[in-house]
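Colleague:
Here it is in structure tokens:
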């Protein structure tokens with residue numbers, strides 16, 4: 059199975075276009091700020107094709123089940139945008155998944171035969 063963690067990063071457009079003042083006032087651990095971010099991420103996700111949506115959800119489930127969220131965190135929250143550290147990363151991922159999919163992520167065993175593919179191969183994001 060292939061997993062594409064970078065599909066998640068395509069959802070961070072909202073953060074990339076935020077002004078410096080906006081970023082100064084944005085606190086990723088604040089539920090109100092996070093709700094605005096997740097709303098924007100959901101709007102972008104809804105523009106993805108079905109395969110790109112599934113790859114995004116699979117990547118979130120994989121990272122949650124990996125046992126090493128830190129290893130893949132760079133794909134979740136952009137490091138080039140100055141943000142506070144997310145205090146509860148598993149909760150952040152579960153909440154993001156729920157916002158995107160409309161349901162909680164399912165516990166999955168991805169097994170050892172997983173190929174991690176970086177880059178946005180064939181991402182279908184219509185703007």
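Residue numbers (this note's numbering): 59 to 185. Just so you know, even glycine gets a beta-carbon here, dropped at the ideal spot from N, CA and C.
Do residue 136 and residue 73 have their C-beta atoms closer together than 9 Å?
Modeller: A contact, by the Cβ cut-off of 9 Å.
Colleague: Report yes if the CB atom of residue 65 is closer than 9 Å to the CB atom of residue 110, and no otherwise.
Modeller: Contact: yes.
Colleague: So, do the stretch 103-119 and the stretch 150-158 have three or more beta carbon pairs nearer to each other than 8 Å?
Modeller: A contact exists between the stretch 103-119 and the stretch 150-158.
Colleague: Could you spell out where the alpha helix (DSSP H) holding residue 151 opens and where it closes?
Modeller: Note, residue 151: alpha helix (DSSP H), 147-159.
Colleague: Rounded to the nearest angstrom, what separates residue 122 and residue 84 at their Cα positions?
Modeller: Approximately 25 Å, taken between the alpha carbons.
Colleague: Can you check DSSP and say which residues form a bridge with residue 174?
Modeller: In DSSP, residue 174 forms a bridge with 61.
Colleague: Going by beta carbon distance, what residues of the same chain come within less than 6 Å of residue 184, once the five residues before and after it are set aside?
Modeller: Note that residue 184 scores a pLDDT of 44, beneath 50, so its modelled location is shaky and nothing firm can be said.
Colleague: Going by C-alpha distance, which of 62, 61, 119, 88 is nearest residue 144?
Modeller: Checked all of 62, 61, 119, 88; the closest Cα to residue 144 is 88.
Colleague: Indicate whether residue 127 and residue 154 have their beta-carbon atoms separated by less than 9 Å.
Modeller: Against a cut-off of 9 Å, the Cβ pair of residue 154 and residue 127 comes out as no contact.
Colleague: Taking residue 109 as part of the alpha helix (DSSP H), name the residues at either end of that continuous run.
Modeller: Residues 108-123.
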